[in-house]
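The listed protein sequences correspond, in order, to chains A and B. Mapping of the first sequence onto the working numbering: position 63 corresponds to residue 64, and the numbering continues sequentially without gaps. Mapping of the second sequence onto the working numbering: position 10 corresponds to residue 239, and the numbering continues sequentially without gaps. No residue lacks a Cβ here, since even glycine has one placed at the ideal position from N, Cα and C. Only one structure is covered here, and it is reproduced in the block below.
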Amino acid sequence: DAGVIQSPRHEVTEMGQEVTLRCKLISGHNSLFWYRQTMMRGLELLIYFNNNVPIDDSGMPEDRFSAKMPNASFSTLKIQPSEPRDSAVYFCASSFSPEGDTQYFGPGTRLTVL
Amino acid sequence: AQKVTQAQTEISVVEKEDVTLDCVYETRDTTYYLFWYKQPPSGELVFLIRRNSFDEQNEISGRYSWNFQKSTSSFNFTITASQVVDSAVYFCALSEAVQGGSEKLVFGKGTKLTVNP
Numbered sequence: 002d003a004g005v006i007q008s009p010r011h012e013v014t015e016m017g018q019e020v021t022l023r024c025k026l027i028s029g030h031n032s033l034f035w036y037r038q039t040m041m042r043g044l045e046l047l048i049y050f051n052n053n054v055p056i057d058d059s060g061m062p063e064d065r066f067s068a069k070m071p072n073a074s075f076s077t078l079k080i081q082p083s084e085p086r087d088s089a090v091y092f093c094a095s096s097f098s099p100e101g102d103t104q105y106f107g108p109g110t111r112l113t114v115l
Numbered sequence: 230a231q232k233v234t235q236a237q238t239e240i241s242v243v244e245k246e247d248v249t250l251d252c253v254y255e256t257r258d259t260t261y262y263l264f265w266y267k268q269p270p271s272g273e274l275v276f277l278i279r280r281n282s283f284d285e286q287n288e289i290s291g292r293y294s295w296n297f298q299k300s301t302s303s304f305n306f307t308i309t310a311s312q313v314v315d316s317a318v319y320f321c322a323l324s325e326a327v328q329g330g331s332e333k334l335v336f337g338k339g340t341k342l343t344v345n346p
């Protein structure tokens, strides 16, 4: 079975540009998590969806960040406008609730904002 | 609030040595889950193990073993006869129950393991 799929794998953009990261869940999973990894802050949860509904977005840094789940298997994370401090590796993970199920991570998108 | 502490930032060993990675957690939940993930130099996060709070039995999988002790709030990971391919950053994580039926992971800062030939 295919794992979590993320695209692009690498993104280099200039400050002020819009960036869209994409994620396809594992078939049958119904929970989707977006994480960001930086040297300074480690792995931090940005937002979490369950059955397409955003449940917890308290980790979203600011209004420049937005996430959607237009259908049960796909999600986007958008940054507009991007800033150099957004440079990080962005992971999405999926799982199947009920509670305690394992989150499986995608390969990540390495974002560099110049 | 939930917290995971991995006090060892970096560990360096020589191949074939045994190595233990420490993980201490804090939670007020009576039901919770603990996880270990591996992040090799290629960058992906690989799931290794999940443990629920009611199961304190130690687990062994090949050269990997895990020791879960609720009395000390620890979930330590031991690699026996380490190999160069074990070089990676290892993360311990704790699930935090959230509204909506699934759970949010709280990660430790990770331990970077280097196994030298």
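Interface residues of chain B facing residue i [CB-CB closer than 9 Å]
i: residue 90 (chain A); result: 272
i: residue 109 (chain A); result: 272, 273 and 274
Proximity test, residue i beta-carbon vs the ligand NAP heavy atom, cut-off 7 Å
i: residue 316 (chain B); result: The model depicted lacks the ligand NAP and carries no ligand whatsoever.
Residue i in three-state terms, based on DSSP
i: residue 86 (chain A); result: helix
i: residue 64 (chain A); result: coil
i: residue 335 (chain B); result: strand
i: residue 5 (chain A); result: coil
i: residue 58 (chain A); result: coil
Partners in chain A for residue i, counting only beta-carbon separations shorter than 9 Å
i: residue 339 (chain B); result: 43 and 44
i: residue 334 (chain B); result: 34, 36, 44, 46, 94 and 104
CB of residue i within 8 Å of CB of residue j, strictly
i: residue 75 (chain A); j: residue 94 (chain A); result: no
i: residue 246 (chain B); j: residue 324 (chain B); result: no
i: residue 249 (chain B); j: residue 307 (chain B); result: yes
i: residue 71 (chain A); j: residue 114 (chain A); result: no
i: residue 20 (chain A); j: residue 14 (chain A); result: yes
i: residue 340 (chain B); j: residue 259 (chain B); result: no
i: residue 273 (chain B); j: residue 9 (chain A); result: no
i: residue 264 (chain B); j: residue 317 (chain B); result: no
i: residue 28 (chain A); j: residue 51 (chain A); result: no
i: residue 305 (chain B); j: residue 252 (chain B); result: yes
i: residue 335 (chain B); j: residue 231 (chain B); result: yes
i: residue 279 (chain B); j: residue 39 (chain A); result: no
i: residue 338 (chain B); j: residue 46 (chain A); result: no
i: residue 266 (chain B); j: residue 276 (chain B); result: yes
i: residue 36 (chain A); j: residue 92 (chain A); result: yes
i: residue 96 (chain A); j: residue 112 (chain A); result: no
i: residue 110 (chain A); j: residue 12 (chain A); result: yes
i: residue 53 (chain A); j: residue 68 (chain A); result: no
Any chain B beta carbon closer than 8 Å to residue i
i: residue 87 (chain A); result: no
i: residue 116 (chain A); result: Because residue 116 (chain A) is not part of the residues shown, which for chain A are 2 to 115, the question remains open.
i: residue 57 (chain A); result: yes
Interface flag, residue i vs chain A, CB-CB below 8 Å
i: residue 320 (chain B); result: yes
Residue-level contact to chain C via CB, residue i, 8 Å cutoff
i: residue 276 (chain B); result: Here chain C cannot be found, since the structure's protein chains are A and B.
| query | Can you give, in chain order, each stretch of the alpha helix (DSSP H) that sits fully within the segment 243-302 of chain B and has at least 4 residues? | reply | none
| said: Going residue by residue through the segment 19-52 of chain A, where are the continuous beta strand (DSSP E) segments of at least 3 residues, counting only ones entirely within it? | reply: 20-25, 32-39 and 43-51
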